[in-house]
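Student:
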Amino acid sequence: MKSDDIRSSYLEFFRERGHVVERSDKIVPSNDPTLLFTSAGMVQFKPFYTGEVPVPYRRATTSQKCLRAGGKANDLDEVGKTARHLTFFEMLGNFSFGDYFKRETILWGWEYSTQVIKLEADKIWVSVFEDDDEAYAIWEKEVGVPARKIVRLGAKENFWGPAGDTGACGPCSEMHIDRGEHLGCGRPDCAPGCDHCERFMEYWNHVFPQFDQQPDGSRPQLKNRGVDTGMGLERLAALLQNKETVFDTDGIFPIIEATQSLSKIPYTENPVPYRVIADHARALSFMIADGVLPSNEGRGYVERRLLRRAARFGREIGLEKPFLHDVVQTVVDRMGQQYPELIEGRTQITKIILTEEERFQSTLARGMDILSSTFDRMKKTGDRVVPGEELFKLHDTYGFPLDLATDIALDNGFEVDRDGFESAMQRQREQARSAWTGSGEEALSPVYRVLHTELGDTKFTGYDTMHGIATIKAIVRKGVRVDSLSLDEEGEVILDTTPFYAESGGQIGDTGFLDGVSGGAHITTAKAPAGKMICHFARVTKGALHAGDTVEAQVDAAARTATMNHHTATHLLQAALQDILGDHVHQAGSLVTPERLRFDFTHFEAIGGARLLDIERKVNQYIRTATPVSIKQMPLTEAKAAGAMALFGEKYADVVRVVSVGDISMELCGGTHVPNSGTIGYFKIVSESSISAGVRRIEAVCGETAVDTLQARERSLQGTAQLLATTPDQLEARVQALVDENKRLQRDLAKWKQQAAVGGQTDYMQQVKQVDGLQLLAVQVDGLDAEGLRSVMDKLREKLPSGVLVLGSANEGKASLCVGVSKDLTSKVRAGDIVKQLAPIVGGGGGGQPHLAQAGGKQPERLPEVIERAPDIVKALIG
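In case it helps, numbering that gives the first Met the number 0 puts the sequence shown at residues 0 to 878.
(1) Please report how far the alpha carbon of residue 268 lies from the alpha carbon of residue 79, in whole angstroms.
(2) Output the boundary residues of the alpha helix (DSSP H) element that contains residue 569.
(3) For residue 203, count neighbouring Cβ atoms within 10 angstroms of its own Cβ and tell me buried if that reaches 16, exposed if not.
(4) Per DSSP, what kind of secondary structure is residue 144 in: helix, strand or coil?
(5) Identify the continuous beta strand (DSSP E) that holds residue 604 and give its terminal residues.
(6) Within the segment 7-67, note down every full beta strand (DSSP E) run reaching 3 residues or more, in order along the chain.
(7) Count the C-beta pairs between the segment 418-425 and the segment 444-456 that are closer than 8 Å, then say yes if the count reaches three, no if not.
(8) Would you kindly report the start and end of the unbroken beta strand (DSSP E) that includes residue 629?
(9) Using the Cα positions of residue 619 and residue 557, report the straight-line distance between them to the nearest angstrom.
(10) Roughly how many angstroms separate the alpha carbons of residue 122 and residue 288, rounded to a whole number?
(11) For the beta strand (DSSP E) holding residue 770, just list the boundary residues, first then last.
(12) Please state whether the Cβ-Cβ distance between residue 515 and residue 550 is less than 8 Å.
(13) Under DSSP, the alpha helix (DSSP H) around residue 178 begins and ends at which residues?
(14) Using the C-alpha atoms, what's the distance from residue 407 back to residue 285?
(15) Grouping DSSP H, G and I as helix and E and B as strand, with all else coil, what is residue 201?
(16) Residue 881: which of 821, 845, 157 and 839 sits nearest, CA to CA?
(17) Is it buried or exposed, residue 442, if we count other Cβ atoms within 10 angstroms and call 16 or more buried?
(18) Note the first and the last residue of the continuous alpha helix (DSSP H) segment covering residue 804.
(19) Give the DSSP-derived three-state secondary structure of residue 872 in the structure shown.
(20) Opposite residue 481 in the DSSP bridges: which residues?
(21) In or out: residue 751 buried (at least 16 other Cβ within 10 Å) or exposed?
(22) Only counting the same chain, and skipping five residues up and downstream in sequence, which positions put a Cβ closer than 7 Å to that of residue 239?
(23) Given a threshold of 16 other Cβ atoms within 10 Å of its Cβ, counted over all protein chains shown, does residue 736 qualify as buried or as exposed?
(24) Could you pull out every residue in the same chain whose Cβ sits closer than 8 Å to the Cβ of residue 760, ignoring the five residues on either side in sequence?
(25) Which of the three DSSP states is assigned to residue 497 in this structure?
(26) For residue 433, which of helix, strand or coil comes out of DSSP?
(27) Is the Cβ-Cβ distance between residue 62 and residue 118 less than 8 Å?
(28) With a threshold of 16 other CB atoms inside 10 Å of the CB of residue 179, please say whether the residue is buried or exposed.
(29) In three-state terms, what does DSSP make of residue 251?
(30) Can you find the residues in the same chain that come closer than 8 Å, C-beta to C-beta, to residue 785, ignoring five residues on each side of it along the sequence?
(31) Where does residue 105 land, buried or exposed, given buried means 16+ other C-beta within 10 angstroms?
(32) Look up residue 665 in the DSSP assignment and give the residues it is bridged to.
(33) Opposite residue 193 in the DSSP bridges: which residues?
(34) Using 8 Å as the Cβ pair cut-off and three pairs as the minimum, do the segment 46-57 and the segment 357-364 touch?
(35) What residues in its chain sit with their C-beta under 6 Å from that of residue 857, if we drop five residues either side in the sequence?
(36) Can you tell me the Cα-Cα spacing of residue 566 and residue 303, whole angstroms?
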């Protein structure tokens, strides 16, 4: 029975029994930013069990794509070593939300197993939670499973959940298949749960969610108790296709065959690398298709680790060059019909994997060389633990991941000193912290913690007004609480209520002024260093401010309005990026000021000029729709269910603020926004750049600032056109003509320099020296690039048919070297060996063939030293 047929039969079986067939959720949970990945079929249904949202149906069935490679659910270390463990797999499941319970799902499980897919009844064993007498009785009395084939197990094996830190959980009952005594351990008590063999394979887990685990560990009863089952499609396929491992099934083996076509080492000779690569190729394909990009944190870190792990295992079967981007084509071909997002994302999947593979090649080669040297040394000394300091140097200097170094060490029979690594990491953090001068907030924290305990949070009125009357509750100057601030003094003022927005969520704090009977102050920013207590950074401009004074608090309305324009535009920009670039785009950072916005986001390559224009045009289309901006307070679970975008790893309150721009954008956000998208006026992208691997940055301006930017560019365009005696419309053509003319002149100049150099060849030949019976000519010929130097080399070799030539040239701030050895002498000395010793002198490197080699460097001022040392280097190499 093929995998596709198994999936179809399962879904149809439960559809006939009143279940709604739901689509698989994404591998990145749609409405739960607290989870790294979807690790089970019930993740998308968590709110249905707790009653947090209305339940649209009481029964559902799915085939869910799952990933267990990070967090609590992590099978990574077992992949390839066992017959059944995978990081990516499909989970078949049937679910009940306050409808049927244990009896129905157990009976259906037996019926599907024995009647539909025809498993032999006498080979099925079951396990139940040790205290679950109800499930035990159903299996024994109603199904008829012999008591000796019903095993009671503890919470580790037969109590499931929650998926994450909180949520639905409960006892479970698993169905196992007895694969035969030949796979057993021979113990008389061998049964499901045996740690000594792989005779029994668990293929279907029936979970009975009864409890709702809370953050404090308590477990009240669920509002909608029910059923949550999970059956691994790959495990079931292995059973029905009579395969010993999941890797030999029709869903995975074609990927192994694709890998084997690239390697000279047969799968049967070394199966583990092939299995790891096949599993990781599937995981990577689905992660990228669902918007995850390689990075150094969170989901992206798991993805990068999987890719690098697969690349390392590739080296074990002789695949030293990038290959995964080829292997994933089979994943897309094999699974694209069931999961069309793979076909839609094929180009992107291929590009991202190839880029990451190429980036990792140099890191892997350097790290492997260093580790190999370390292992060789340790074998001689008898040490068995790789020092933490060496692991940290690999990580800090070369970017070599600790987990990868650990894997390699274990594969070679060594342990790793993780504590020593963490100590070295901590020392670096402390050094960085002591070297950081910062903005003074670290020093302010203690006094503000005390004040927050005394005063509590500040009442913020700035969503509704930019003006208010307030009382000064406390004043701080240079980290010390004081009673007053005098003229020209600076300090931090805490009010009981304020319209000033405190810096948060990428939006800078408001500016403005405080004005009272005894004095006034200019406010340069507002921050909340402790809880929601807002402090106003003030400079007294008249009189003095005293604790207890009543003051008028006025936000700079023009600056706030400009900030609001840029903040709402940031939301529109993210919507446009996701629409044009893809769902993989996620916020990685932002800055919103009155003058500009900066948005950092996940993306795997530079954005070309044409696509940037498309993005800019899309945002301006959103602006011209003049869509109202709505702001609502709602429960976090309701906001997630509605599709509001949240930042992964961010901690949110139970009630959140949701900012929506029609159906264009919906985000959890505490910032200030315009009432209508049309208020923004105009949006202009200023720049696009890379800030780290897999993260891009767009800077843009809005409203009046955008107009000022365009006008400044227009003035520059006009001025440049005047300098070149043309019009703005003809400027591009005029510049192109000048570029073409410059290239022609550069070619003419290069030819002249070469002719001038060769024209003085008689003088050069007089500089030939004898070195251990060989003729050596070492000279500096400035003004030539590498190609020009090679041309001069060819001319001089005609004059020196037997000998060694060393030429150097300084050109445009760079050094070029060219070394030639006549063919009759290459058995004594090689050009490549000579240039490798000369190149470091000018701060560069190079190489080549025995008769000709070239190099470049960044220190042309040291070329005379190259010429001076050439005879000694040649002599040493001959010797």
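The C-beta atom is built at its ideal place from N, Cα and C for all residues, glycine as well.
Tutor: In short:
(1) 14 Å
(2) Counting along the chain, the alpha helix (DSSP H) containing residue 569 begins and ends at 556-579.
(3) Label assigned to residue 203: buried.
(4) coil
(5) Neither: residue 604 is in no beta strand (DSSP E) and is coded neither H nor E.
(6) Complete beta strand (DSSP E) runs here, min 3: 58-66.
(7) no
(8) 628-634
(9) 22 Å
(10) 39 Å
(11) Note, residue 770: beta strand (DSSP E), 768-770.
(12) Yes; because the gap between Cβ atoms is below 8 Å, this pair is in contact.
(13) Neither: residue 178 is in no alpha helix (DSSP H) and is coded neither H nor E.
(14) 26 Å
(15) strand
(16) A query on residue 881 cannot be resolved here, the shown segment of the chain reaching from 0 to 878 and no further.
(17) In this prediction, residue 442 scores a pLDDT of 36, lower than 50, which makes its location untrustworthy; the coordinate-derived value is nonetheless stated afterwards. Exposed.
(18) That residue, residue 804, is in no alpha helix (DSSP H); its beta strand (DSSP E) goes 803-810.
(19) helix
(20) 474
(21) exposed
(22) 0, 5 and 116
(23) exposed
(24) Since pLDDT at residue 760 reaches only 48, below the 50 mark, its modelled position is unreliable, and the value read off the structure follows with that caveat. 794, 795 and 798, listed in sequence order.
(25) Under the three-state reduction of DSSP output, residue 497 falls in the strand class.
(26) With a pLDDT of 47 at residue 433, under the threshold of 50, the predicted position of this residue should be treated as unreliable, though the coordinate-derived value follows. Of the three classes helix, strand and coil, the one that applies to residue 433 here is helix, per DSSP.
(27) no
(28) Exposed.
(29) coil
(30) 815, 817, 853 and 855
(31) buried
(32) 659
(33) DSSP output for residue 193 lists no bridge partner at all.
(34) no
(35) 842
(36) Straight-line Cα distance between these residues: approximately 32 Å.
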